[in-house]
Structure formats: structure tokens, C-alpha cells
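There are 2 protein chains.
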Amino acid sequence: MSRFFSAKFDRLIPYVPGEQPKGKNVFIKLNTNESPFPPSPKAQKYAAEAIEKTMLYSDPECFRLRAALADRYGVDADNVICGNGSDDILNFAFSAFCDEKTPAVFADITYGFYRVFAEYNRVPYRIIPLKDDFTIDPADYFNAEGTVFIANPNAPTGIALPVGEIEEIIKNNPENIVVIDEAYVDFGAVSCVPLTKKYDNLVVTETFSKSRSLAGARLGFAVANKELITDLNTVRNSTNPYNVNSITQAAGIGSLEDREYTDENCRKIMQTRKQTEIELKKLGFVFTDSSANFIFAAHPDHPGGEIYKALREKGVLIRHFDADRIKDYNRITVGSDEQMEKLIQKLRCII
Amino acid sequence: MSRFFSAKFDRLIPYVPGEQPKGKNVFIKLNTNESPFPPSPKAQKYAAEAIEKTMLYSDPECFRLRAALADRYGVDADNVICGNGSDDILNFAFSAFCDEKTPAVFADITYGFYRVFAEYNRVPYRIIPLKDDFTIDPADYFNAEGTVFIANPNAPTGIALPVGEIEEIIKNNPENIVVIDEAYVDFGAVSCVPLTKKYDNLVVTETFSKSRSLAGARLGFAVANKELITDLNTVRNSTNPYNVNSITQAAGIGSLEDREYTDENCRKIMQTRKQTEIELKKLGFVFTDSSANFIFAAHPDHPGGEIYKALREKGVLIRHFDADRIKDYNRITVGSDEQMEKLIQKLRCII
Chain W
7 MSRFFSAKFD
17 RLIPYVPGEQ
27 PKGKNVFIKL
37 NTNESPFPPS
47 PKAQKYAAEA
57 IEKTMLYSDP
67 ECFRLRAALA
77 DRYGVDADNV
87 ICGNGSDDIL
97 NFAFSAFCDE
107 KTPAVFADIT
117 YGFYRVFAEY
127 NRVPYRIIPL
137 KDDFTIDPAD
147 YFNAEGTVFI
157 ANPNAPTGIA
167 LPVGEIEEII
177 KNNPENIVVI
187 DEAYVDFGAV
197 SCVPLTKKYD
207 NLVVTETFSK
217 SRSLAGARLG
227 FAVANKELIT
237 DLNTVRNSTN
247 PYNVNSITQA
257 AGIGSLEDRE
267 YTDENCRKIM
277 QTRKQTEIEL
287 KKLGFVFTDS
297 SANFIFAAHP
307 DHPGGEIYKA
317 LREKGVLIRH
327 FDADRIKDYN
337 RITVGSDEQM
347 EKLIQKLRCI
357 I
Chain A
7 MSRFFSAKFD
17 RLIPYVPGEQ
27 PKGKNVFIKL
37 NTNESPFPPS
47 PKAQKYAAEA
57 IEKTMLYSDP
67 ECFRLRAALA
77 DRYGVDADNV
87 ICGNGSDDIL
97 NFAFSAFCDE
107 KTPAVFADIT
117 YGFYRVFAEY
127 NRVPYRIIPL
137 KDDFTIDPAD
147 YFNAEGTVFI
157 ANPNAPTGIA
167 LPVGEIEEII
177 KNNPENIVVI
187 DEAYVDFGAV
197 SCVPLTKKYD
207 NLVVTETFSK
217 SRSLAGARLG
227 FAVANKELIT
237 DLNTVRNSTN
247 PYNVNSITQA
257 AGIGSLEDRE
267 YTDENCRKIM
277 QTRKQTEIEL
287 KKLGFVFTDS
297 SANFIFAAHP
307 DHPGGEIYKA
317 LREKGVLIRH
327 FDADRIKDYN
337 RITVGSDEQM
347 EKLIQKLRCI
357 I
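Taken in order, these protein sequences are the chains called W and A.
Each number in the numbering used here corresponds to the 1-based position in the first sequence with 6 added.
Each number in the numbering used here corresponds to the 1-based position in the second sequence with 6 added.
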């Protein structure tokens, strides 16, 4: 920190992304929930075609991409905002819908960035513990007196809350915004996007990073009623109106036109998740009921940190979190069948 | 605005980017200072190669890109931060180095986003008028009691401040940060990057949007001493650690390896600027001494808004600003020789 850094950030501790190994990647990388499949051929084609025109600014309104998203999700283009990853839009939501009088409200065990977004935007936040089984009690969020952020499925647990229970939360917060972060929704959970037509206090964020294999291209979006999208655009246009580059806009359109490719990859990943869970069970692991592209697993005889380290030494990266309630667990991305077989082999040596 | 939008943004008026025509582009587009030349062949090649791996996250540290930038500018990689355009980094600087006690200080006529960044980050700002001839008096910025933001060359005037005068401003602000925004520096001005080795209160921001023909790819960077870069990274990693996508990182590296291509394009644009200025003079225009890829021109017999509208009707887009002191002027991007010949033809009909 320099002597010039604003004192308002005295307590700010940035988010720490999962490790990205440098140089030749000799690791089996199961630590950041990336897809084992390349982006769709159409996404690649459109992206490649866009490159030669990058001397021109990207469309700040993401007009064609929003139209394609609107078509895909059965909403109007005015109900959609695009961002440089869904992190971008979540940050906008903390900025637009929280302030000193409107705290952020989220679970103790959830996406770690929520706490950082709250600290960065200098808004108070209220933490609601998950139940002992890591599930959410919807009633805990009724009349939240703040802006609610729920990852569904939750990270790093993978547990999904049924849409009916989320609707109860939305209904019981007529004076509060509810943000549902659906980064992992395509792997077995049900999306709340249709509810955005019914409720004026709901924002649903999604990403192209996971199911659409575009983590490196950085593309996220949110769906909400038009007025909330206007608010988010006010923040966007006051910080970085060109936040989505033109190559990524093209890739996004290509990916949406290739929906069957995405759906097929999601089916494969869910199948691999199931198979991996069977193998992990044989090894004595316990795990949550995941609707995401990762498994949140613990072993009764081995601390989570020990398994993480042992796997790392054997060339497999998974994600370990130090937080007290979950330190026995590791979050393991569901990769290809081949990667998961290697994981199980290594675990057999360790356990 | 929705009923949920935070009252803290009551007065926030977002930045309005230059018009991006939709559909088939029939306009001669001289309104957003884009390059008439495509990105370098190497930038295009590296970008295309990166696409198939975008299922993996981009390197949040931009390790290879920062190394290439450090090599190009004769600094260490620790002196460099990359962003999603230089707007991204300028916003970080307003956040990191301004607060209630540390206002932002900038000119009345300069990049319009500074005022928006200040409003968005809710920091006070002090406006220093340019002299009558639109030049900066360095002494106006001595002991600024705030964080100084100077675009050099300035926008939309194109006028460059000599490095010696900037150094005087830096020297006379030992307790304040000075940010020099060099978006247009490659078209005839001299960069302050070497001064970052000498002064711990200097941040220089640059972009790949103009001279490197990568506006649509969104890539900017800043050079400063290591401590200031750490501060900017704290903000970056608290909002969007993956702010630069992997295709753009690859394009940036390719562009840096193809320096001769960039240099040659800059020479061509400066030559075209000179030729266009000769023609504008013949038509009775007056203009500032531009060191940028645009010309800031007024005509004694025709209001700026009138010329802007007349050109638009004839299919040529230039940029007009409503602010009082500059409403007689228009900012005209220097495009290709062919584009500028057409501009002059149309102006001959109008004048």
C-alpha cells in the first residue's frame, strides 16, 4: 500500500481467485470450475471473424447480443444487461442497490466475492448462517431489510434451492431487491429468469463462463425488469460503457445459436458428476447434493487441507477454503471423464 | 430509475460515448477516434489462436502481457497494471486516490469521463479552466491539494503539454498523485512513462484503442511505481480480477511484438492529419495544434453544431460537444486519406 491510498479502503481485503498455474500446464485443473470442453464451434467462428474489425469500438449497448439473449430467455432486450463476466454485474448491483441504509444480506457460506463487493462499495452487510446441512432456510431471508444475494446453486456447496422457495423469498421482500446469482444453474437447477416478469424486485445474474465454456472471454449478463436494468446501466455507463469487447460479444452470439452444444456438454458433465460421486463414495467421501459443475466433498478420516495438499503434489489442483465451517471440505470441479478417473486414481493412493 | 436505486446516485449522469451506428455502416465514422487500420497481423493471429482455449479463465495477473509491456517501456512488470480499456484504470485511480479529503483536480475542457468518475466515486472535484487558447498553465496545478488528472495530449483539443512542464507539475505536488492520461500520446507527443522511475506520485495511463487499432478488444494499462500499482490492483481485485479477457491479452502481446506496424500507422495518421489541416485551412477553418489522431476545428462563419448536423446528413459522423467554451468546435478523427478526402469534399459543399 502506498502513502497515497485512500484511507476509506483501510480494511479492504481483495478477492483471491483460484490458482492459475503459469507456464506449461502440467496440472489437472479442477480448481476454478472451468468446462473441460472448448467453446462451441460457432462461438469460435464468430469470435475469429470479429478480430479483424477490433480497430472499431465494441457496441456499448451490446445490441445484437442482448437481442440473442432476450430471444433465448423469452424476455425483451430491455430486460437484459451484459457485463465483463457476471462479477462485473454483481459489483454493479452492490453499488446500485446497497448503501449505508440498505445493507447487503447473504449467507455465511457462499461466493466469497460478495463480502469483498460489500467492503469495496463500503456498504454494511448482514451474514445469515446456512443450516447445519448447508441448506438455506428461506424464512431467514423474509423481510431482509437489505438487498439479498443468493447464489443458486450455492457455491461452494453446489446445493440448489427450489424455485418455489426462492419465490417465497422474493414475495416476502416487496421492499427489497433479491439478486439470484445463477452462475451454475445449467447443471441441474432451475432458473428464476421467468420470475423476473412477475416481480419488480428480482435480478437474476448468469455467466457464459461455466456451461458455455467462455470463462476466458469474460461474459456475464443479468435479467430483470426494465427499471432495474436502467439502474445497473447507470452504474455501467458511469464506469466502463464498453465493458464487453467486440470479440466476446460475437462469441456470445455464436454460443447462443449453438444451444444444443451447450446442452449436450451440460448433460455430459452431470453424467460425469454422478459417476465421480459413485467413486468418491466408494472411497468413503461424503458430499453435498450438487446441482453444479463441482462436487463439495469431505472425508471423515482426512482433513480437507491435507487432501488438497496431497493432490497438489500429485499434479491435481482442487479448491480448498479455510473458513471454519467448511475446512473439512474441498470443491472439486467436474472435468472430463478422463480427468476424473485420474483424480480418483490419485485419491486412491492418498486415502 | 427504479424505486430501489440508491439515493447516493441521485445526481449521477452517466458518460455518453460517441454514436456507434447500428446495422450496415454507411457512415464515414470520424467521431470516436478509432484507427482506420486493422489490428496488426500478429495481434490478429495471437487473438485467433487464443479463442479455442477460452473455456479456461484468463490469467488474472496478465503475466505475459505485463512482461511484454515492461519490455517495451523499459520498466519492471511490477510497474504495470492492465485493464479493460484505460477507462477501467482511470476509474480505479479515482477510487484509490481520491476521497472526501482528496478531491480530483482536472481541467474544464478535457476528457468528459473524469467528471463522471468523480461523481460515481462520490469524491469532490475542482475544475481548473484552460487558458483562452485552450493550453494548460502548469502553475495552476502546483500544490493542487488533490489528485491531478491531465490528458496529454488533451482531449478534445489535441494540444500536448511538453514533458518538462508536466515534470514541474509532478515536482510541485509531492503530496499529491498526478495521473497523466496518454490515450493519444503516440501521435506526436512525448510520453511521461520514463518519469515514473523518478517520481513516486506519478501514474501514466495508456490504451491500445487508438495507435494499436484495438478499441474493440478493450485493453489499457498504467505504469507507475510498484506501491501505486499495488493500490490499483487492490481496487481491481476487489471488483473484477479477470478484467482482461484472454483473447485480448493475446492480441496485446501480438501488437507489442509488431511495433513497426504501429509506428508506421502513427506516421501515416500524422501525415494525413497534416494534409487535412492544409485543406481545412483553405476552407477557412481554424484549429488547435493537435498531437492526437483528431483535429479540433472551428469555422468563423458556421456554428459547430451546424457543421456537425450538415455532415451527418451527408453521411459523415464527427463529434460535437455542447459545452459553452467549445461549442463552436468539432472533433474530427483523422481516418484514412480516402476518408479525409471525402470529408473535405462534403465540407466544400457545406461551407
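Beta carbons are placed, not taken as given, at the ideal position from N, Cα and C, and that holds for glycine.
In this text the structure is predicted, and so the values were computed from the model without any measurement.
Helix, strand or coil, according to DSSP, for A:I301 in the structure here? strand
Using a Cβ-Cβ distance cut-off of 9 Å, determine whether A:N336 contacts chain W. no
Near A:T211, which residues of its chain fall below 7 Å by C-beta distance, leaving aside the five closest residues on each side in sequence? S92, I95, L96, V185, D187, E188, G226, A228
Give a yes or no on whether 9 Å exceeds the smallest Cβ distance from W:S197 to chain A. no
Note down, in chain order, all residues in the stretch 83-100 of chain W with a beta-carbon under 7 Å from any beta-carbon belonging to chain A. N90, G91, D93, D94, N97
Starting from the beta carbon of W:P247, find every residue of chain A whose beta carbon is closer than 7 Å, and list them in chain order. Y21, P23
In this structure, what does DSSP give as the bridge partners for W:D187? W:A157, W:T211
Can A:N299 and A:F193 be called in contact, C-beta distance under 9 Å? yes
Give the straight-line distance between the Cα atoms of W:P159 and A:K232, rounded to the nearest whole angstrom. 39 Å
Quick check: what's the CA-CA separation for W:G118 versus W:A102? 20 Å
Could you tell me whether the stretch 198-211 of chain W touches the stretch 318-335 of chain W, where touching means 3 or more Cβ pairs closer than 8 Å? no
Opposing strand residues paired with W:I34 [DSSP bridges]: W:V322
Mind listing which residues of the stretch 220-248 of chain A have their C-beta closer than 7 Å to chain W's C-betas, in chain order? L220, A221, G222, A223, R224, E233, L234, T236, D237, T240, N243, S244, T245, N246, P247, Y248
Tell me the residue span of the alpha helix (DSSP H) that contains W:I176. 169-177
Using a Cβ-Cβ cutoff of less than 7 Å, which residues in the same chain neighbour W:L71 once the five nearest sequence positions on both sides are dropped? C88, Q255, G258, I259
With a threshold of 9 Å between beta-carbons, can A:V154 be considered close to chain W, or not? no
Helix, strand or coil, according to DSSP, for A:R224 in the structure here? coil
Quick test of your reading: W:E266 and W:K48, contact by CB under 8 Å. State the CB separation rounded to the nearest angstrom. Not confirmed; about 11 Å, so no contact.
Would DSSP call A:C104 helix, strand or coil? coil
Interface partners of A:Q50 on chain W, CB under 7 Å: I57, E58
In whole angstroms, what is the alpha-carbon distance linking W:F10 and W:T153? 32 Å
Among A:I313, A:M346, A:S219, which has the Cα closest to the Cα of A:Y335? A:I313
For the beta strand (DSSP E) that W:I134 lies in, which residues bound it at each end? 131-134
W:L208 and W:I176 look like a contact to me (Cβ under 8 Å); what is the Cβ gap, rounded to whole Å? 5 Å
Consult DSSP for W:S335 and reduce its assignment to one of helix, strand or coil. The sequence shown places Tyr at residue 335 of chain W, not Ser. Three-state DSSP puts W:Y335 in a strand.
Proximal chain A residues relative to W:E40, where beta-carbon distance stays under 8 Å: M61, L62, Y63
So with CB distances below 9 Å, who are the chain W contacts of A:M276? Simply none; closest approach about 17 Å.
Only counting the same chain, and skipping five residues up and downstream in sequence, which positions put a Cβ closer than 8 Å to that of A:S252? A56, K59, T60, L62, Y63, S64, D65
Contact defined as beta carbons within less than 8 Å: I believe W:F291 pairs with W:R337. What is the distance between those atoms, to the nearest angstrom? W:F291 to W:R337, Cβ: 13 Å. No contact.
W:Q277 versus W:N179: straight-line alpha-carbon distance, rounded: 37 Å
With a Cβ-Cβ cutoff of 9 Å, do A:V250 and A:C68 count as a contact? yes
Would you call A:K287 buried or exposed, if buried means 16 or more other Cβ atoms sit within 10 Å of its Cβ? exposed
If you draw a straight line from the C-alpha of A:E283 to the C-alpha of A:L349, how long is it? 12 Å
Should A:A161 be flagged as near chain W, meaning a C-beta pair shorter than 9 Å? no
What residue does the beta strand (DSSP E) around W:D112 start on, and which one ends it? Strictly speaking, residue 112 of chain W in this sequence is Phe, with Asp absent from that position. Start and end: 110-113.
Residues, ordered as in the chain, of the stretch 180-208 of chain A that lie near chain W by beta-carbon distance below 9 Å: E181, N182, I183, D206, N207
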